[in-house]
Ligand code: HEM
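Residue numbers (the working numbering): 3 to 214.
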């Protein structure tokens, strides 16, 4: 899609579940990373790891049944679209996407895949289910994911500057400016509330387990 010249109205792009998923994912990954090396914080690390797994499982389902811009079919594109987008950035006439742009989508797919790999290897290590190198793979994936997160943040800043729009604010509010008929109709707030409640109950149960 080319740069829109009819960005007239505030329209909803990100539904509430996508936004809650994103910020809980940020919290869980950051918390799990910071507690990774400490024996004292091990149960917090494991709890945040399970949270990451639950969030990613939800997102896989939501990527199929969710709203327009949340669907994988809407934003995952092949290498030629990624290259075309990157070239358009260099040319100074960036292709505009109301949802995730093709390069951002690469980072998003990588982050989700790495997150799932980290959860699987962490689970196996914690429960003594596999060979010893799984623990090393778990560490390696955690550090690799941090690098992709840094790339993701650089991408968000570059795209925000190029398109002169605040992408972080959109990931908080769900809104962008665009043609009225391109917005999603429903926010699905109840689903987002259910995610938050489920996470809080899980954290409370884990806390009760640790304290008790
Ligand atoms: C642990 C760190 C992070 C991870 C794992 C992560 C992961 C993701 C994922 C998976 C998405 C896709 C959301 C979806 O479609 O469901 C996304 C999008 C996004 N993230 Fe992050 N993120 C991280 C940190 C951040 C931070 C710190 C910010 C901002 C300060 C940020 C800003 C954004 C924005 C603006 C988008 C939407 C990009 C677009 O408009 O295409 N992310 N992130």
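The beta-carbon is built from N, C-alpha and C at its ideal position, and this holds for glycine as well.
- The ligand HEM has a heavy atom closer than 7 Å to the beta-carbon of residue 172.
- Classified as buried, residue 30 has 16 or more neighbouring CB atoms from the shown chains inside 10 Å of its CB.
- Secondary structure of residue 157 (DSSP, three-state): helix.
- Looking at the backbone, the Cα of residue 195 and that of residue 119 are separated by about 27 Å.
- Between residue 18 and residue 190, the C-beta gap is smaller than 8 Å, which places the two residues in contact.
- Judged by beta-carbon spacing, residue 84 lies beyond the 8 Å limit of residue 111, meaning their Cβ atoms are not closer than that value.
- It is roughly 17 Å from the alpha-carbon of residue 21 to the alpha-carbon of residue 117.
- Not one heavy atom of the ligand HEM is found less than 7 Å from the C-beta of residue 149.
- In this structure, the ligand HEM has no non-hydrogen atom nearer than 7 Å to the beta-carbon of residue 212.
- Relative to the ligand HEM, the beta carbon of residue 163 is positioned no closer than 7 Å to any heavy atom.
- In the same chain as residue 200, and ignoring 5 residues on each side of it, the C-beta atoms closer than 8 Å to its own belong to 56, in chain order.
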